[in-house]
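*Asks:* I have a structure here, written as structure tokens, and I will follow up with some questions on it.
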Amino acid sequence: MALLSTTDLSIRFGGHVAVNAVTCQFAPGTLTAIVGPNGAGKTTYFNLISGQLPASSGSVTLDGVDLSRLSASARTRAGLGRAFQLTNLFPHLTAVENIRLAVQASRDGAHRRGLNLWSVWSDHRELKDRASEILNAVAMQDRAEIVVANLPHGDQRKLEVAMLMALEASVYMFDEPTAGMSADEVPTVLELIRKLRQDKRNTILLVEHKMDVVRELADRIIVLHNGNLVADGDPATVIASSIVQEAYLGASQGTKPHQATA
Amino acid sequence: MTLNRLLSDDLPRSKILTAILLTLFVLLALAPFIAPGVNALSVAAKILIFIVLVASFDLLLGYTGIVSFAHTMFFGIGAYGVAIACSRWGATWLNLGLGIATALVLSVLLALAIGLFSLRVRAIFFAMITLAIASAFQTLASQLSEITGGEDGLNFSLPDMLASGYMYVEQPIFGVSISGRFVTYYILFAAALAMVLALLRIVNSPFGRVLQAIRENEFRAEAIGYRVVMYRTISSVLSALFATMAGVMLALWLRYNGPDTSLSFEIMLDVLLIVVIGGMGTIYGSVIGAVLFVVAQSYLQDLLKLGSDAASGLPWLAALLSPDRWLLWLGVLFVLSVYYFPNGIVGRLRNRAAGL
């Protein structure tokens, strides 16, 4: 049974079809990498799933529930967690407060807390403890009280992942989580994603350019090219297939959507 | 620690700031004894009123990042609520209460309407919409003279127990007569204190943190699952309620209200200046800002007169220091304070305490 699925999901900007009728299922307990050349529509596909962009046609279903008409925030509440390509935090709040806000937004009874006007924020020990736990998991406990804008880029990327962990979503979407990180920081973030993957109830979607990262993490690869889903299968087969070689190098424009058999 | 609870775990975090706040607290608490003169007590009362008005605006601007020019509209609604109830229906406690309740309900409805219809648009458009609504409201208030008294406003009396002639104790205590005026001042003081503490609590609640998140990064707040429009609307409604109460305080003190007293755009600008000078997003900033501003507004002219007299030997300096130029000097003070304290006075003091 698929946890998340998109059916004929499309978006047109004027005459340009950025994502063209992508139908795809994502099973729990899997990590699917979405690859393709620049401008293939990977981030746009993400935006359609998470609701940052309204689809022109098609639907997004999570656990059998149609999310197509819901806003981005409602989709997050339904269990879609999304991290962003460009670091997107609350810059003038501390690291721990950033995470606490995500913990507060997480699914169990959180919105009741968010609308709580009359309790003191620091009294909610359980929020703080959970936030500290997550900061520990990303090895940032010593930087908890630092204002995010003053943290190095690598730490901000880690916080981006931590924030997603705090949401306790069932779908985790990472858009180039290692972008702009120094080589020695990359393994930390990959380790975090690997940890999330251990929970077999979740499914993880990963947009990534670095093929070694994809090879290491993914159970499955789908390839987007000019907005079309052009290949889908296990990593070894997809990477080896001629269509990916072609699409990835951007050598040929004449790709027709068809499936590489796994 | 109880003081910490009272301040919602948001202590001043600077020794100098703590000292200033404590001093202001004591001065305002003892104002009727320290400065029993009518003018001095009016300055103190005006400070109390502005503290509430500015702090409520800080919830909106400093914590939620909403720029609204309709804040004095709610201030005016509060003042008119008291004025209309007491002048048209008669000066009883019941009418006073009804007037306040009506004003609060009207403010909630208006703030809800503005919020739901316009908080989805971009900040600059929202600011313009509020500007339009505020000037429409001001025009309405001066045109509907049957109800509001028009440009002349309304003079009214309050229940006897709040009148200056009403004596609670025969003999003055420490040279101060315990009159209705005295009691009114302490009602304002208690109301201001309670409302500042309430605002501190709100901005330090889980809700308040979501507001800050929205101010910092609206897109991400939405993406982690918060309904941004709903939070903004609630913040606008709350801020409108506190502004209405500030208006009620104003009417209780002046026993007069008119468009220039509570609705004018000049007051809106003053509020904006005070919140920036004091330090946005701190609540404490509105206390310090309001004191500085109201004192400067009230005494700068006297000070300038002294300076002008002293400089009578130098005609050009005397002309520059003429009391008529007080607005110029207030402007200079504002430019200097924004230049030297971009985070406001409270931000500057806190940075200093944190060793930045």
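Sequence lines, in order, name chains U and V. Position in the first sequence counted from 1, then plus 17, gives you my numbering. Position in the second sequence counted from 1, then plus 65, gives you my numbering. Built from N, CA and C at the ideal position, the CB exists for glycine as well.
Looking only at its chain, what residues have a beta carbon closer than 7 Å to the beta carbon of U:G171, apart from the 5 residues adjacent to it on each side?
*Replies:* M198, S199 and E202
*Asks:* When DSSP labels each residue in this structure, what does U:I221 get in the three-state scheme?
*Replies:* strand
*Asks:* Assess, as a yes-or-no matter, whether the region 23-35 of chain U is touched by the region 219-237 of chain U under the definition of 3 or more beta carbon pairs within less than 8 Å.
*Replies:* no
*Asks:* In whole angstroms, what is the alpha-carbon distance linking V:I299 and V:H136?
*Replies:* 15 Å
*Asks:* Using a beta-carbon distance below 7 Å, is V:V173 in contact with chain U?
*Replies:* no
*Asks:* Quick check for students: name the residue ranges of the beta strand (DSSP E) that lie wholly in the region 51-98 of chain U, counting only runs of 3 or more.
*Replies:* 74-79
*Asks:* Tell me which residue opens and which closes the beta strand (DSSP E) that V:I348 is part of.
*Replies:* Element bounds for V:I348: n/a, residue is neither H nor E.
*Asks:* Between the Cα of V:W318 and those of V:V359, V:L113, V:A94 and V:S172, spot the shortest distance and give me the residue it belongs to.
*Replies:* V:L113
*Asks:* What do you reckon, are the CB atoms on U:A122 and U:V165 nearer than 7 Å?
*Replies:* no
*Asks:* Would the beta-carbon of V:A120 fall within 7 Å of that of V:S351?
*Replies:* yes
*Asks:* Could you give the distance in angstroms between the alpha-carbon of U:N37 and the alpha-carbon of U:D159?
*Replies:* Cα to Cα, U:N37 sits roughly 46 Å from U:D159.
*Asks:* Among the residues of its own chain, which have a CB less than 6 Å from the CB of V:V313, if the five just before and after it don't count?
*Replies:* G143, V147 and I165
*Asks:* I need the boundaries of the alpha helix (DSSP H) containing V:I279, first residue and last residue.
*Replies:* P271 to E281
*Asks:* Per DSSP, what are the beta-bridge partners of U:F43 in this structure?
*Replies:* Residue pairing by DSSP places U:F43 opposite U:L21 in a beta bridge.
*Asks:* By alpha-carbon positions, which one of V:A308, V:A278, V:V170 and V:M310 ends up nearest to V:G130?
*Replies:* V:A278
*Asks:* Is any beta-carbon of chain U found at less than 7 Å from that of V:V132?
*Replies:* Chain U places no beta carbon closer than 7 Å to that of V:V132, leaving this residue out of the contacts.
*Asks:* Under 8 Å Cβ to Cβ from U:Q102, same chain only, skipping five residues before and after it: list those, please.
*Replies:* Non-local C-beta neighbours of U:Q102 in its own chain, meaning closer than 8 Å and more than five positions away in sequence, comprise T60, D192, E193, A196 and V224, ordered along the chain.
*Asks:* Any idea if V:M226 is buried or exposed, counting beta-carbon neighbours within 10 angstroms, 16 or more meaning buried?
*Replies:* In summary, V:M226 is exposed, with fewer than 16 beta-carbon neighbours lying within 10 Å of its beta-carbon over all protein chains present.
*Asks:* Does any C-beta atom of chain U lie closer than 7 Å to the C-beta of V:V275?
*Replies:* yes
*Asks:* Flag this pair as yes or no: are the beta carbons of U:D83 and U:S76 separated by less than 7 Å?
*Replies:* yes
*Asks:* Would you tell me roughly how many angstroms separate the C-alpha atoms of V:M232 and V:P324, rounded to the nearest one?
*Replies:* 32 Å
*Asks:* Does DSSP put V:S74 in a helix, in a strand, or in coil?
*Replies:* For the sequence presented, residue 74 of chain V should be read as Asp rather than Ser. Three-state DSSP puts V:D74 in coil, outside helix and strand.
*Asks:* Going by the DSSP bridge assignment, what does U:D192 pair with across the sheet?
*Replies:* U:V224
*Asks:* Grab the span of the beta strand (DSSP E) containing U:A248 for me, first residue to last.
*Replies:* N245 to G250
*Asks:* What in chain U is Cβ-close to V:S73, meaning under 7 Å?
*Replies:* V137
*Asks:* Residues of chain V with a CB under 7 Å from the CB of U:Q121: which are they?
*Replies:* P271
*Asks:* List the residues of chain V whose Cβ lies closer than 8 Å to the Cβ of U:E114, in chain order.
*Replies:* R274
*Asks:* Under the rule that 16 or more other beta-carbon atoms within 10 Å means buried, what is V:N69, buried or exposed?
*Replies:* exposed
*Asks:* How should V:Y251 be labelled, buried or exposed, when 16 other C-beta atoms within 10 angstroms of its C-beta is the threshold for buried?
*Replies:* V:Y251 sits exposed, since fewer than 16 C-beta atoms from the chains shown fall within 10 Å of its C-beta.
*Asks:* In the DSSP assignment, find the beta strand (DSSP E) that holds V:L264 and state where it starts and stops.
*Replies:* Per DSSP, V:L264 belongs to no beta strand (DSSP E); it is in the alpha helix (DSSP H), G245 to V268.
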